[in-house]
Amino acid sequence: MKPNDEQNQENVLFVGIDLGTSRSAISASNNKREWIESYVGWPKDFIAEQVIGKPVLFGEEALQHRLSLDLCRPLERGIIKEGIESSERAVKEIIRHLIDLANSEPGKQIHAVVGVPSDSLKVNKLAIRRAVAEHVQALMVVTEPFAIAYGMNLLNNAMVIDIGAGTTDFCIMHGTIPAEEDQKTIFTAGDYIDEQLFNYLIEKYPNSRFNKNMVRQFKEKFSFVQTLNEDIRVELPVNGKPVMHDIKNEIRRACESILPALVETTTEMIARFDPEFQTKIKNNIVLAGGGSLIRGIAEYLQDALKEYGDCKVTRVENPLFAGSDGALKLAIDMPARYWETL
Ligand SMILES: Nc1ncnc2c1ncn2[C@@H]1O[C@H](COP(=O)(O)OP(=O)(O)OP(=O)(O)O)[C@@H](O)[C@H]1O
Ligand SMILES: [Mg+2]
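Whatever position you read off the sequence shown (first residue = 1), add 897 for this note's numbering.
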């Protein structure tokens, strides 16, 4: 650990937090790593309180008890839902819960770098700061793709594309802290694929029973673009009886629905640079986020960009923790003058 100026390191737990639409993760300087689905639920009434026996539930557990809860997914489309008090409260709860999971010994100061989608940084910086302030003593808020880039040491001539649930975030690194024009957010990401897939399936199988949660699970299990040498079949009830359904074509179409905007935005962002830098950046494109797990997506993007010369697209090793690990590395390396004391 580098000496972080005057601070007394012994007494500080550094954490990197990735605040995502669908999942949030924490990596801490005590080597703990944890993640939860970004759902928060409060018991609806006095009976619900008794059934549940806890004041607040998170993630998978909250989803399971959704009928007894006021359920909140606070970062829909990557932005703290405006004007809704419970969203801000929910973000607070997520941060507190993640820090609890990282198991700080009581009395330790928490210094946190929080990665959020690029757009929410523009729109929600104050709300995010309020939500975090209660639980940490020093804070820096950065964009998710910047945290990922920092964690992978991609500081110069590189591009990170974070395909999340609510948003796809792009960030070009050229040897400085990225400015606003080096970053861009679009809304074609995982949730969008889920919507498309849901609609395609309803159209093809109007008498079969399924819900959005099941559709997302099908996507996560089978996602691919272009070609795949295997069948994709799932069992769904029709009039109460289980029936096998072929969903390969629908999976492919839904996953491919995000490709045009992905290629277009990548091309546009790179085009702003000098040709010499364009070539370097194009040879250093990294996909991150849950969407980077779609089979064939890196190869597709690489082929699409090759039209204009050499290009290399890879993906991060661990999409779940790439953001929080990068944020933690930033927290550990950052000189004291960059921290905002709360
Ligand atoms: N194998 C997979 N194939 C396709 N999509 C997947 C796969 N695994 C996860 N996903 C999708 O990735 C998305 C979640 O990714 P991630 O955890 O990076 O998002 P997030 O950080 O919560 O969202 P955001 O960055 O938009 O705030 C979800 O839409 C999820 O369904
Ligand atoms: Mg994310």
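Cβ coordinates follow ideal geometry from the N, Cα and C atoms, glycine included. Keep in mind that this is a model prediction, so the values were computed, not measured.
C-alpha gap between residue i and residue j, whole angstroms
i: TYR1197; j: ASP1079; result: 23 Å
i: ASN1146; j: GLY1087; result: 17 Å
i: GLU1173; j: ALA1024; result: 40 Å
i: GLN1199; j: ASN908; result: 46 Å
i: MET1111; j: ILE1194; result: 22 Å
i: VAL1010; j: HIS1032; result: 13 Å
i: PHE943; j: LEU960; result: 19 Å
i: GLY1223; j: PRO1139; result: 45 Å
i: SER926; j: LEU966; result: 34 Å
i: SER983; j: ILE992; result: 14 Å
i: MET1037; j: TYR1047; result: 14 Å
i: ASP1143; j: GLY1187; result: 24 Å
i: ASP1230; j: PRO1075; result: 17 Å
i: GLU934; j: ASN1136; result: 32 Å
i: VAL912; j: TYR1102; result: 47 Å
i: GLU1214; j: GLN947; result: 43 Å
i: LYS928; j: ILE1060; result: It should be noted that the sequence gives Asn, not Lys, for residue 928. Using only the alpha carbons, I get a separation of about 26 Å.
i: LEU1202; j: ARG986; result: 43 Å
i: HIS994; j: ILE1083; result: 29 Å
i: GLU957; j: GLU1077; result: 35 Å
i: LYS1209; j: GLU1092; result: 30 Å
i: ASN1181; j: ARG1113; result: 30 Å
i: ARG970; j: GLY917; result: 10 Å
i: ILE1155; j: LEU972; result: 20 Å
i: ARG1212; j: ASP1128; result: 25 Å
i: MET1141; j: ARG1130; result: 6 Å
i: VAL1013; j: ILE949; result: 31 Å
i: LEU1227; j: VAL1039; result: 10 Å
beta-carbon residue i near ligand 1 non-hydrogen atom, thresh 7 Å
i: ARG1113; result: yes
i: LYS989; result: no
i: SER1120; result: yes
i: GLU1153; result: no
i: GLY1193; result: no
i: LYS1116; result: yes
i: SER924; result: no
i: ARG920; result: yes
i: GLY1063; result: yes
i: PRO1216; result: yes
Residue span of the beta strand (DSSP E) that contains residue i, given as start and end
i: ARG1113; result: From DSSP, ARG1113 is part of no beta strand (DSSP E) but of the alpha helix (DSSP H) over 1109-1119.
i: MET1049; result: Unbroken run through MET1049: none, as it is neither H nor E.
i: PRO940; result: 937-940
i: VAL1183; result: 1182-1185
i: LYS1081; result: 1080-1083
i: SER1221; result: It is not in any beta strand (DSSP E) - SER1221 instead sits in the alpha helix (DSSP H) that spans 1219-1230.
i: ASN1136; result: From DSSP, ASN1136 is part of no beta strand (DSSP E); its letter is neither H nor E.
i: ARG930; result: 930-934
i: ASN1146; result: Premise fails: ASN1146 lies in the alpha helix (DSSP H), 1145-1153, not in any beta strand (DSSP E).
i: GLY1038; result: It is worth fixing the name first, because residue 1038 is Val in this sequence and not Gly. Counting along the chain, the beta strand (DSSP E) containing VAL1038 begins and ends at 1035-1040.
Extent of the continuous alpha helix (DSSP H) run through residue i
i: GLU1127; result: No alpha helix (DSSP H) holds GLU1127; DSSP gives it neither H nor E.
i: LEU1159; result: 1156-1168
i: GLN1093; result: 1087-1101
i: ILE1178; result: 1172-1179
i: LEU1202; result: 1194-1203
i: GLY956; result: 956-961
i: ILE1191; result: Taken as a continuous stretch (DSSP letters only), ILE1191 belongs to no alpha helix (DSSP H), as it is neither H nor E.
Residue i CB to nearest heavy atom of ligand 2 below 7 Å
i: GLY1087; result: no
i: GLY917; result: yes
i: GLY1004; result: no
i: GLY1206; result: no
i: ASP1059; result: yes
i: GLY1048; result: no
i: GLY1223; result: no
i: GLY1311; result: Since the first residue of the chain shown is 898 and the last is 1239, residue 1311 is not available in this structure.
Point to revise | Unbroken stretches of the beta strand (DSSP E), 3 residues or longer, contained in the stretch 977-1013 | key: 1006-1013
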